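Student: Residue numbers (the numbering used here): 1 to 321. Ideal Cβ positions, reconstructed from N, Cα and C, are used throughout, including at glycine. This one's a predicted model, so the numbers in the text were calculated from it and none came from an experiment. My questions all concern the structure below.
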């Protein structure tokens, strides 16, 4: 009898240890940023770092895994153990970048689970002043009269600047030439120098300063309605009905992560991002308005973005060589 009791106590102890290690989180949480430090994804991840660490009582580590318009970092998260300890701050390019690959590295619909929506902003249709167009109508008229003459810059194949411009071409029937660059900085240099004539760019402080100085011309903004982030600027939709593009950001987890773990993460992050301090900092740092999507709404939005950009990629035959 004594031996049986000892055995049962040992079994219970071992079971208790197993359950303890299964409690989330049981180790540091890694948030992967698939772009270089300083960009919106990185800023959002680092804003989340300390409060999420305090909420869970575990360190939160930020890892920048850069390359291939975000594909390398996203693939890393996709391949990580789905236990909630590896997360991704992704965005529009999480969907679009992989669509230009002949052999996609991952399937955003199957390999990733949307958790928390951080917000999004429209982009500005920017032109070098040498382009003879001061608004969207003039741009479209010029492009139709000169098919293939306008070259536009992208911050990489599959970037929002690539797909957003392709969507514009498809909706208007114009033809323009895409010139890929390795990141935002070189494409902006090329636009300022006149090496390219057009680019869809985030409305950053640098971009607005170039516009104010007359070095670049803002033709329109891609929001469906006039945007607070660019007061007074016409929308593309005023000339091209139905056109709407935004660069968005959110927290995602690998598919297969247990539902209870997903719920824990979502609840903790929602508490953080619902605070007035977070909303104010996001607006002042990035110009992102307060988010208004819950997890199911984010999932629905994520699915709608996959549908939209899949159609654009297929119609435009955007697979890279």
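Whole angstroms is fine: what's the gap from residue 118's alpha carbon to residue 295's?
Tutor: So the two alpha carbons sit approximately 11 Å from each other.
Student: By Cβ distance, which residues of its chain are closer than 8 Å to residue 66, with the 5 residues on each side in sequence left out?
Tutor: Excluding residues within five positions, the ones whose Cβ falls inside 8 Å are 34, 35, 36, 72 and 73.
Student: Can you tell me where the beta strand (DSSP E) with residue 115 in it begins and where it stops?
Tutor: Start and end: 112-122.
Student: Does the stretch 226-239 come close enough to the stretch 22-32 to have 3 or more Cβ pairs within less than 8 Å?
Tutor: Counting Cβ pairs under 8 Å, fewer than three are found: no touch.
Student: Determine the extent of the alpha helix (DSSP H) in which residue 301 is found, giving its start and end residues.
Tutor: Run containing residue 301: 295-316, per the alpha helix (DSSP H) assignment.
Student: Does the separation of the CB atoms of residue 153 and residue 69 fall below 8 Å?
Tutor: Taking 8 Å as the Cβ cut-off, residue 153 and residue 69 do not qualify as a contacting pair.
Student: By Cβ distance, which residues of its chain are closer than 6 Å to residue 217, with the 5 residues on each side in sequence left out?
Tutor: Once the five neighbours on either side are set aside, the close Cβ partners of residue 217 are 127 and 129.
Student: Give me the DSSP bridge partner(s) of residue 199.
Tutor: DSSP, once it has assigned bridges, lists 126 and 153 as partnering residue 199.
Student: Apart from the five residues on each side of it in sequence, which residues of its chain come closer than 7 Å, Cβ to Cβ, to residue 172?
Tutor: Cβ within range, chain order: 140 and 240.
Student: Leaving out five residues before and five after residue 312 in sequence, what residues of the same chain have Cβ atoms less than 6 Å from its Cβ?
Tutor: Excluding positions up to five away in sequence, the list reads 163, 166 and 167.
Student: Please list the terminal residues of the continuous alpha helix (DSSP H) segment that includes residue 58.
Tutor: First-last for residue 58: undefined, no H or E at that position.
Student: Spatial neighbours of residue 80 within its chain, please: C-beta separation below 6 Å, excluding the five flanking residues on both sides.
Tutor: Hits under 6 Å: 86 and 254.
Student: Taking residue 281 as the reference, give the member of 63, 180, 305 and 46 with the closest Cα.
Tutor: Residue 281 has its Cα closest to that of 46, out of 63, 180, 305 and 46.
Student: Near residue 227, which residues of its chain fall below 7 Å by C-beta distance, leaving aside the five closest residues on each side in sequence?
Tutor: Same-chain partners within the cutoff: 122 and 221.
Student: Candidates 262, 151, 52 and 100: which alpha carbon is nearest residue 82's?
Tutor: Residue 262 is the option with its Cα nearest to residue 82.
Student: Just to confirm, are residue 252 and residue 114 a CB contact at a threshold of 8 Å?
Tutor: Cβ atoms of residue 252 and residue 114: closer than 8 Å.
Student: Just how far apart, CA to CA, sit residue 212 and residue 105?
Tutor: Each residue's alpha carbon lies about 41 Å from the other.
Student: For residue 51, collect the residues of the same chain with a Cβ closer than 7 Å to its Cβ; drop the 5 residues on either side in sequence, then sort them by chain order.
Tutor: Around residue 51: 272.
Student: Going by DSSP in three states, residue 34 sits in which element: helix, strand or coil?
Tutor: The answer is coil: DSSP assigns residue 34 none of H, G, I, E or B.
Student: For residue 269 and residue 131, what's the separation of their Cα atoms in angstroms?
Tutor: Approximately 45 Å between the Cα atoms of the pair.
Student: Tell me whether the beta-carbon of residue 95 lies closer than 8 Å to the beta-carbon of residue 319.
Tutor: No. Outside cutoff.
Student: Would you mind giving the Cβ-Cβ distance between residue 125 and residue 219, rounded to the nearest angstrom? I have them listed as a contact below 8 Å.
Tutor: Indeed they touch by this definition, with Cβ atoms about 4 Å apart.
Student: For residue 62, tell me which candidate among 88, 309 and 196 has the shortest Cα-Cα distance.
Tutor: Of the listed residues, the one whose Cα sits closest to residue 62 is 88.
Student: CB-CB under 6 Å to residue 42, same chain, minus the five flanking residues each way: which ones, in chain order?
Tutor: The residues are 33.
Student: Does DSSP classify residue 192 as helix, strand or coil?
Tutor: Helix at residue 192.
Student: Are the CB atoms of residue 159 and residue 93 within a distance shorter than 8 Å?
Tutor: Yes; because the gap between Cβ atoms is below 8 Å, this pair is in contact.
Student: Considering only residues of the same chain and omitting the five flanking positions on each side of residue 21, which have a CB-CB separation below 8 Å?
Tutor: Low confidence applies here, because residue 21 scores a pLDDT of 42, under 50, leaving its location unreliable; read the following figure in that light. The answer is none, since no qualifying residue turns up.
Student: What are the boundary residues of the beta strand (DSSP E) that residue 267 is part of?
Tutor: Run containing residue 267: none in the beta strand (DSSP E); it sits in the alpha helix (DSSP H), 259-273.
Student: Roughly how many angstroms lie between the CA atoms of residue 23 and residue 91, to the nearest whole one?
Tutor: Distance between the alpha carbons of residue 23 and residue 91: 29 Å.
Student: Go to residue 246, then tell me how far its alpha helix (DSSP H) extends in each direction, as first and last residue.
Tutor: Element bounds for residue 246: not the alpha helix (DSSP H) but the beta strand (DSSP E), 246-254.
Student: Write down the C-beta distance between residue 176 and residue 151 rounded to the nearest angstrom, noting that I regard them as a contact closer than 8 Å.
Tutor: Contact flag correct, Cβ pair sits at about 7 Å.
Student: For residue 174 and residue 246, I'd like the C-alpha separation in whole angstroms.
Tutor: Cα to Cα, residue 174 sits roughly 21 Å from residue 246.
Student: Note down the Cα distance separating residue 308 from residue 180, rounded to an integer number of angstroms.
Tutor: Near 22 Å, if we compare the C-alpha coordinates of residue 180 and residue 308.
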